[in-house]
Amino acid sequence: IFDPGFSESSFGFRPKRSAHEAAKRVQKIIRQGHTHCVDVDLSKFFDRCQHDVLMSRVSRKVHDRRLLKLIGRYLRAGVMVEGVLQPTEEGAPQGGPLSPLLSNVLLDDLDKELERRGLKFVRYADDFMIFVRSERSAHRVFASVKRFLTQRLKLVVNEDKSSVRPALGCEYLGFTFVGKRVTIKVAPKKLKAFKQRIQELTGRSRGISMAR
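Take the sequence shown: its position 143, counted from the start at 1, is 849 in this note's numbering, and no numbers get skipped.
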């Protein structure tokens, strides 16, 4: 019902729209001359999305009252805190089967707004970056997008983790984009974590070097 209407710039939890495909889209955008990116971090997205805002978006496509009621129950199912079931007044269950789809449903409004403005962006679930051609434009876009997210979608932007920076060298979904040809590489942090994990699995007693 929902997927055919989603943006071409939306990746994650969709057929043939993996993190690697999202990285290739970022590469293409940077190669087109978009020199700066706006990295917006949504604070505890799955914990804080408002049920009424989300259900209003769901009801645009779903008209069966029984199904809407079931989705509402899913959102309010609650979480276990020290063995006690606590009702949830906001947020979506992390790891739940519907939560990834519902994140795309809610943030589709953002996608449509960015498209309406003619902006280049890539979104993977709640992780998204917007690309522009100057630092000044990037700061202006960040301010307006933050306003849209807080006022229209009732989401919380983590300003400490959000940033405006050069597109070359930026990290997204564990990848970084470097050099004149905008080569996609595994981000240093992810590569280091991978090497550490291999060392844990193989054991240092084998004398295997991961220095390369």
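Cβ coordinates follow ideal geometry from the N, Cα and C atoms, glycine included.
Relative to the C-alpha of residue 768, which candidate in 717, 709, 782, 909 has its C-alpha closest?
709
Buried or exposed (CB count within 10 angstroms, at least 16 for buried), residue 826
buried
First through last residue of the alpha helix (DSSP H) which encompasses residue 757
757 to 764
From 774, 741, 806, residue whose alpha carbon lies closest to that of residue 721:
806
Using beta-carbon positions only, say whether residue 755 and residue 718 come within less than 8 Å of one another.
no
Rounded C-alpha distance that separates residue 883 from residue 830
17 Å
Inter-residue CB distance, residue 811 and residue 764 (contact presumed, cutoff 8 Å)
6 Å
What does the Cβ neighbour count give for residue 822, buried or exposed, with the cut at 16 atoms within 10 Å?
exposed
Just the C-alpha distance for residue 737 and residue 795, rounded to the nearest angstrom, thanks.
44 Å
Would residue 892 be called buried (16 or more neighbouring beta carbons within 10 Å of its own) or exposed?
exposed
Presumed contact (8 Å Cβ cut-off) between residue 774 and residue 757, rounded CB distance
Wrong, their Cβ atoms sit about 12 Å apart, outside the cutoff.
Give, in chain order, every unbroken run of the beta strand (DSSP E) that is at least 3 residues long and sits entirely within the region 779 to 831.
785 to 787, 790 to 792, 826 to 830
With DSSP collapsed to three states, give me the class of residue 882.
strand
Please report the distance separating the alpha-carbon of residue 909 from that of residue 890.
30 Å
Would you grab the beta carbon distance between residue 861 and residue 712 for me? Rounded to a whole angstrom, and I think it's under 8 Å.
No, residue 861 and residue 712 are not in contact; Cβ-Cβ is about 18 Å, not under 8 Å.
Output yes or no for whether 8 Å exceeds the beta carbon distance between residue 746 and residue 838.
no
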